[in-house]
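I have placed the structure first, in the form of structure tokens, so that the comments after it can refer back to it.
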Amino acid sequence: MIAYWIELRRSPLRWWLGPLIIIDLVVLFFGRGHWWIGIWPEASVATQVPAYYFGPLFAAVAAFTVGRPTRKSFDQDRTPQAQSRFLSETIHFLATLTFALIPYGIGVAVAYGVSFRQAGPGGLWPAYITIGAILLTGCAAAGHFVGRMLPGSMATPVVCGVGCFLVVAVLGQSAGLLVLNGYPSLQPRTSAITSRAFLAFLLAAAAIIVSAQRHRSFASTLERTITTFVAAGVLLIGFSFTAHAGSVQQDRAPTTNMTCTVGSHQFCIWPEHQKFLPVFQQMTVRLDQVPEILAAAEQTSYEQGLRGHEYEGHDFSLLEGQPFQAAFGVALQSDFHVPTKLCPLPTPELEAQRSDLLWRLTAWLTVRVYGAGQPSGIHGGISDAMNEVVPLTQQPDDVQAAWVDARKTDITAFHCA
Amino acid sequence: MTNRHELWRIYARGHRWHIVIIGLITIPFTELWLGSLKLSLPGTHQPLTFRTLAPAAIAALFVANRQTPMAQWEQAAARPARHTTDWYLTASLTAGALTTLATQYSINDTATAVTILRAYAISVALALISGKLISWNTAWILPLGSYFPLTYLQTDSSGYDRWWNWPTQPPNNLACWLLAAGSLSIGITLVLLTPHRVAMTPNRTSRTPLVRTTP
Chain B
118 MIAYWIELRR SPLRWWLGPL IIIDLVVLFF GRGHWWIGIW PEASVATQVP AYYFGPLFAA
178 VAAFTVGRPT RKSFDQDRTP QAQSRFLSET IHFLATLTFA LIPYGIGVAV AYGVSFRQAG
238 PGGLWPAYIT IGAILLTGCA AAGHFVGRML PGSMATPVVC GVGCFLVVAV LGQSAGLLVL
298 NGYPSLQPRT SAITSRAFLA FLLAAAAIIV SAQRHRSFAS TLERTITTFV AAGVLLIGFS
358 FTAHAGSVQQ DRAPTTNMTC TVGSHQFCIW PEHQKFLPVF QQMTVRLDQV PEILAAAEQT
418 SYEQGLRGHE YEGHDFSLLE GQPFQAAFGV ALQSDFHVPT KLCPLPTPEL EAQRSDLLWR
478 LTAWLTVRVY GAGQPSGIHG GISDAMNEVV PLTQQPDDVQ AAWVDARKTD ITAFHCA
Chain C
258 MTNRHELWRI YARGHRWHIV IIGLITIPFT ELWLGSLKLS LPGTHQPLTF RTLAPAAIAA
318 LFVANRQTPM AQWEQAAARP ARHTTDWYLT ASLTAGALTT LATQYSINDT ATAVTILRAY
378 AISVALALIS GKLISWNTAW ILPLGSYFPL TYLQTDSSGY DRWWNWPTQP PNNLACWLLA
438 AGSLSIGITL VLLTPHRVAM TPNRTSRTPL VRTTP
């Protein structure tokens, strides 16, 4: 334990703790917005996003620091040490990992602190936080191993850092090294995360054992060869075990435990999204003000996953905390009492004109329900009609009704093929 | 002349000339094998390929090569050795730039080649600044650290590229070229700002003698 504290105190990484904490907080609060605050699973996923960058960084850093004794010709001085070589390797690795986990842990604490008030009961989901810690451990272990084998101060850290970055950037999401989507309709799969944790442990153990036996004075050539092959074999088994464990996320079972608004048209959302309930309640109130338009619309809108994933294309999602899609979904369900909606027209140009008119009606109803124009982060869809319908929704109801009637008349004026 | 050649030979041997050669060979092979790899990162709203980030690693490798176990001895080197140091770095970086340009021009189009060359120039500047301010063997910190803003903060809240995002901005973007010129100027100035030159600056208010003499 004393040696561990000495390693922590003497490591040059201690000077980088401040910048690393700042980077962690920048990742949390900039780039992806603040929408995750107050949603426990999304906040948990947000805390492990810095690992995307800390993983490759600590692969490079571990490779750099572990080669220091060799570069400074200190290896000979360590030969007669009383302490076990395995222990000193373990301490060195743990010290590096500690400097990775401190800013990561501070990020987790800050995410908890800012979410606490809005999110209500519950807490961060530990499984998502573990995924980030697993990546940090794996990258640091890979860097430790390569740095001990090739103790250079330039090429080795660059190759480790860039290599790890490429693995994370190319395979990160498909291989489940990290997750970006903590939607409440998904839940972490414990078996897959346990297998990844086990693989990270094996990687770290292999890096430490093979590194400790690197010098002839600590093991014979035969012993080193056997250890290397055994470590490679165990790692292979670990990789295959992880590959068969499947995805780190799975669909959550449908539930009746949902939070719904009160009104003639209900919006039902996941309990984890309860911070959006006031927004949906306002949307319900606005919907009640345009009842005749929505006669054909369903009386309840469900959030994705609440009724099961067979309704995925039908139910709305709050992706990136955006209720706009729910308003758009309700508008899309309404047929505006236009009977010729699906009637085929003679030419594609006429079809396009009628679609445009229908889109403008949909855009009007969306803005009316949502209470504002399309958010800047959402592109496409009905964005072209926004310039016309947003000022219209500020007009008195009779003006809006006249505009809707005029559009409906235009639509019904088309002659079918 | 013979002495100069001998100096170059000795310097190249001490400064791992093979790393420069490996780096130059790596450029076309990286482009061929990994250049078109699509990177999927948290903040990337637009597809980003590895070829736009690879120059940072190459530049870091060449600049970090200035580090040597003989660094303390080289502090006391005479003018020819100092010239060799500067020219060795200039030659390796220029060779890297030409190889990058030739590789990109032959495999991709001119616009991509110019964009990658600009990225290489900025990465060289970052490596020079990092090497001078921290240490030459950690010259990779700022170039590789630039991966973070370039990928995570590449777009604003409306989804548009930020003006400083040099890998994705078009080749004729003036702001990025000014950034390249400005950062290279800072990097080169820092390298030229040796303790010797600082001490010899004529307009310094308190002039520190190079060699302290007792009165």
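Those protein sequence lines, which keep their order, are chains B and C.
Heads up: the first sequence begins at 118 in my numbering, then just goes up one per residue.
Heads up: the second sequence begins at 258 in my numbering, then just goes up one per residue.
Built from N, CA and C at the ideal position, the CB exists for glycine as well.
Could you tell me the distance, in whole angstroms, from the CA atom of Ala-469(B) to the CA atom of Thr-483(B)? 20 Å
Beta-bridge partners of Ser-205(B), as assigned by DSSP: Partner(s): none; Ser-205(B) has no beta bridge.
Cβ distance (whole Å) where Trp-242(B) is taken to contact Pro-158(B) below 8 Å: 5 Å
Taking 7 Å as the CB-CB cut-off, is Ser-161(B) touching chain C? no
Simplified DSSP state of Tyr-419(B), which is helix, strand or coil: strand
What does the Cβ neighbour count give for Thr-471(C), buried or exposed, with the cut at 16 atoms within 10 Å? Bear in mind that the predicted position of Thr-471(C) carries a pLDDT of just 49, short of 50, making it unreliable; the figure below should be weighed with that in mind. Exposed, because fewer than 16 other Cβ atoms sit within 10 Å of the Cβ of Thr-471(C).
Please compile the residues from chain B whose C-beta is within a distance smaller than 8 Å of the C-beta of Thr-276(C). According to the sequence displayed, residue 276(C) carries Ile and not Thr. Result: Met-271 and Ala-272.
Where does Ser-440(C) land, buried or exposed, given buried means 16+ other C-beta within 10 angstroms? buried
Figure out for me which residue from Thr-479(B), Lys-525(B) and Thr-345(B) has the closest Cα to the Cα of Val-507(B). Thr-479(B)
Applying the criterion that 16 or more other CB atoms from any shown protein chain within 10 Å of the CB defines a buried residue, is Met-400(B) buried or exposed? buried
I want to verify the contact list: residues of chain B whose CB lies under 7 Å from the CB of Leu-324(C), in sequence order. Checking the sequence shown, residue 324(C) turns out to be Gln, not Leu. Within 7 Å Cβ-Cβ: Ser-270 and Met-271.
Can you name, in chain order, every residue of its own chain whose Cβ lies under 8 Å from the Cβ of Ala-518(B), other than the five neighbours on each side? none
Close-in-space but distant-in-sequence residues of the same chain around Trp-520(B) (CB under 7 Å, 5 per side omitted): Leu-509
With respect to the beta strand (DSSP E) encompassing Asp-368(B), which residues constitute its N-terminal and C-terminal limits? 366-368
Which residues in chain B have a C-beta closer than 7 Å to the C-beta of Leu-244(C)? List them in chain order. In the structure as shown, chain C starts at 258 and stops at 472, and residue 244(C) therefore has no counterpart that could be examined.
From Ala-334(C) to Gly-260(B), what distance separates their C-alpha atoms? 36 Å
What are the start and end residues of the alpha helix (DSSP H) that includes Ile-212(C)? Because chain C spans 258 through 472 in this model, residue 212(C) falls outside it and cannot be assessed.
Out of curiosity, what's the CA-to-CA distance linking Gln-391(B) and Gln-366(B)? 22 Å
C-alpha gap between Phe-216(B) and Val-327(B), whole angstroms: 23 Å
My assumption, with CB atoms under 8 Å, is that Val-276(B) sits in contact with Leu-296(C). Please give the rounded CB distance. Their Cβ separation, rounded to whole angstroms, is 17 Å, which puts Val-276(B) and Leu-296(C) out of contact at 8 Å.
Pull the bridge partners of Cys-385(B) from the DSSP assignment, please. Cys-377(B) and Tyr-419(B)
What's the gap between the Cα of Phe-356(B) and the Cα of Ile-276(C)? 33 Å
Ser-349(C) at chain A interface by Cβ criterion, 7 Å: The structure shown contains no chain A; the protein chains it does contain are B and C.
Checking contacts by CB at 7 Å: is Phe-286(C) closer than that to chain B? no
Euclidean distance between Cα positions of Ala-309(B) and His-361(B): 9 Å
Restricting to Cα atoms, I'd like to know which of Leu-211(B), Ala-180(B), Gly-135(B) and Pro-136(B) is closest to Trp-122(B). Leu-211(B)
In terms of residue numbering, what span does the alpha helix (DSSP H) encompassing Leu-431(C) cover? 431-449
Show which residues of chain B have a CB atom less than 8 Å away from the CB atom of Trp-397(C). Ala-177, Met-271, Pro-274, Val-275 and Gly-278
Determine the direct distance from the alpha carbon of Leu-435(B) to that of Asp-527(B), and round the result to whole angstroms. 34 Å
Is there at least one Cβ from chain B nearer than 7 Å to Asn-260(C)'s Cβ? no
Distance cutoff 7 Å, beta carbons only. Does Tyr-409(C) sit that close to anything in chain B? yes
Given 8 Å, three or more beta-carbon pairs between the region 399-416 of chain C and the region 141-153 of chain B: yes
Pro-158(B) lies in the alpha helix (DSSP H); which residues open and close that run? 157-165
Count the other CB atoms, across all protein chains shown, that sit within 10 Å of the CB of Leu-137(B); report buried if there are 16 or more and exposed otherwise. buried
Closest by C-alpha distance to Ser-403(C), when choosing among Tyr-170(B), Leu-303(B) and His-532(B): Tyr-170(B)
Hey, quick one: how far does the alpha helix (DSSP H) through Pro-400(C) stretch, first residue to last? 398-402
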